[in-house]
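Position 105 (the sequence shown) corresponds to 366 in this note's numbering; numbering is contiguous. Where a beta carbon is used, it is the ideal one built from N, C-alpha and C, also for glycine. Predicted, not measured: the structure shown is a model, and the values here were computed from it. Since the structure comes first, as structure tokens, the remarks are kept for the end.
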Amino acid sequence: MKFLREILGMKILRHEEFEEGCKASCNGPYDGKWSKTMAGFGPEDDYFVTELTYNYGIKQYQLGNDFQGLTIHSKTAVANVKQHSYPVTEQQDSCMTVESPDGYKFTLVDQDVTGDPVTKVAIGVSDLAKSLEYWQTLLGMTLFEQTDTKALLGYNADKCKLELVYLGQPVNHATAFGRIAFSCPRDQLASIESAVKEAGHTILTPLVSLDTPGKATVQVVILADPDGHEICFVGDEAFRELSKVDPEGGKLLDKAMAEDKSDEWFSKVASRKQ
């Protein structure tokens, strides 16, 4: 959270604690207590938002090659890297690449843009043509740019794009994999599910309603592309209520981190093993 806040300059939009695993596997294949923190540069209606899931009691995740990183245009983020002497793994002209404490890549461009600073999220694919057939033809994304090894797609020219990066090898999700989510009108969810099913592709979670205590109930359908990347489509109407910025989100997060005794528990377990 220090990296997201002090280096990238993201804001905490909302934070929620859960006592048991999500029935749509929002927190991965874990059944215990977990939390969800939404962080970004502005409200979820207009900005790309990162969803961080923290599973209490899980000390480490193994990274794969599925997530290729986020690109952020922000002079402030670049200045923060320099000010804090944060390690830079790659440097090229006005771009630098840094890694979060968990090893996720962020490419920072020393340039401000109008609107959302997050301009693209990149994922690895094993067959670019097959992935384009899925994302462009089946899911209806617009293709904006393409080379022999990359393709840039999106649902809106002015919003964050999805970049498919050809790896030349199978995609390995390891244990740290996540998912990409899009909101759309609720009445489109059934037709999306039907089209994917008819095309013979994987549906991980059939259309289901997810409850959040004291908040809106949202409908989601979760898919998997040819490389197993998880994709969640969520009903926009309820999601707009659920995703409102919580002014207390940062305080709730800080309180949860202050009360978390996981590090103490891990150190005791390590001592017993020794």
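Note down the Cα distance separating R447 from C421, rounded to an integer number of angstroms. Position 186 of the sequence shown holds residue 447. Position 160 of the sequence shown holds residue 421. Cα to Cα, R447 sits roughly 21 Å from C421.
Considering only their Cβ atoms, is the gap separating K336 from S523 smaller than 9 Å? In the sequence shown, counting from the first residue as 1, residue 523 sits at position 262. In the sequence shown, counting from the first residue as 1, residue 336 sits at position 75. No, Cβ-Cβ distance for S523 and K336 is not below 9 Å.
When the Cα atoms are used, what is the spatial distance from S361 to S455? Here residue 361 refers to the residue found at position 100 when the sequence shown is read from its first residue. Here residue 455 refers to the residue found at position 194 when the sequence shown is read from its first residue. Taking the straight line from one Cα to the other gives about 38 Å.
Would you decide whether A338 is buried or exposed? Buried here means 16 or more other CB atoms lie within 10 Å of its CB. Start at 1 with the first residue of the sequence shown, and residue 338 comes out as number 77. So A338 ends up on the buried side.
Inspect the CB distances between the segment 366-379 and the segment 290-305 and report whether three or more fall short of 8 Å. yes
Check whether the segment 407-426 and the segment 344-363 touch, using three or more Cβ-Cβ pairs below 8 Å as the test. no
Could you say which of Q353, E267, L450 and W295 lies nearest to G498 if we only look at CA atoms? Taking the first residue of the sequence shown as position 1, residue 498 is located at position 237. Reading the sequence as shown, one finds Glu at residue 498 and not Gly. Considering only alpha carbons, the answer is L450.
Look at the alpha carbon of F264 and the alpha carbon of T478, and state the distance between them as a whole number of angstroms. Indexing the sequence shown from 1 puts residue 264 at position 3. Indexing the sequence shown from 1 puts residue 478 at position 217. Each residue's alpha carbon lies about 32 Å from the other.
Once the 5 residues before and after H276 are set aside, which same chain residues still bring their CB inside 8 Å of it? In the sequence shown, residue 276 corresponds to position 15, counting from 1. Cβ within range, chain order: S296, K297, T298, M299, D507, G510, G511, L513, L514 and A517.
Nearest candidate by alpha-carbon position, reference G293, set H490, E278 and L274: Residue mapping note: residue 293 aligns to position 32 of the sequence shown, counting from 1. Nearest of H490, E278 and L274 to G293, Cα basis: E278.
Considering only the beta carbon of each residue, do A485 and I464 sit closer than 9 Å? Taking the sequence shown and counting its residues from 1, one reaches residue 485 at position 224. Taking the sequence shown and counting its residues from 1, one reaches residue 464 at position 203. Contact: yes.
Smallest Cα separation from G489: which of T375, T436 and G401? For the purposes of this step, residue 489 is taken as residue 228 along the sequence shown, with counting starting at 1. Checked all of T375, T436 and G401; the closest Cα to G489 is T436.
R501 and D306 look like a contact to me (Cβ under 8 Å); what is the Cβ gap, rounded to whole Å? Sequence index remark: in the sequence shown, residue 501 carries index 240 (1-based). Sequence index remark: in the sequence shown, residue 306 carries index 45 (1-based). About 7 Å separates the two Cβ atoms, so the contact holds.
Rounded C-beta distance between Q344 and I384? I'm assuming under 8 Å. As a position in the sequence shown, residue 344 is number 83, starting the count at 1. As a position in the sequence shown, residue 384 is number 123, starting the count at 1. Rounded, the Cβ-Cβ distance is 31 Å, inconsistent with contact.
What is the DSSP secondary structure of G559, reduced to helix, strand or coil? Residue 559 is absent from the structure shown; the chain starts at 262 and stops at 535.
Just confirm the distance between the C-beta atoms of S387 and P431, as a whole number of angstroms; I'd bet it's less than 8 Å. For this step, residue 387 is matched to residue 126 along the sequence shown. For this step, residue 431 is matched to residue 170 along the sequence shown. That pair is a contact at about 5 Å.
L514: first and last residue of the uninterrupted alpha helix (DSSP H) it sits in: What you label residue 514 is simply residue 253 of the sequence shown in a count that begins at 1. Start and end: G510 to E520.
Assigned exposure category for K534 - 16 Cβ within 10 Å defines buried: Here residue 534 refers to the residue found at position 273 when the sequence shown is read from its first residue. For K534, the predicted model reports a pLDDT of 48, less than 50, meaning its position is unreliable and no value from the coordinates is stated.
Going by other Cβ atoms of all chains shown within 10 Å of its Cβ, with 16 needed for buried, is Q353 buried or exposed? Counting from one through the sequence shown, the residue named residue 353 turns up at place 92. Label assigned to Q353: exposed.
If distances are taken between C-alpha atoms only, which option among A285, I268 and T410 comes closest to N341? Translated into positions along the sequence shown, residue 341 becomes position 80. For N341, the nearest C-alpha among the options comes from I268.
If we ignore side chains and look at the alpha-carbon of each, how far apart do A285 and K366 end up? The sequence position of residue 285 within the sequence shown is 24, counting from 1. The sequence position of residue 366 within the sequence shown is 105, counting from 1. So the two alpha carbons sit approximately 26 Å from each other.
Which residues does DSSP list as the beta-bridge partners of L450? Indexing the sequence shown from 1 puts residue 450 at position 189. None; L450 has no bridge partner.
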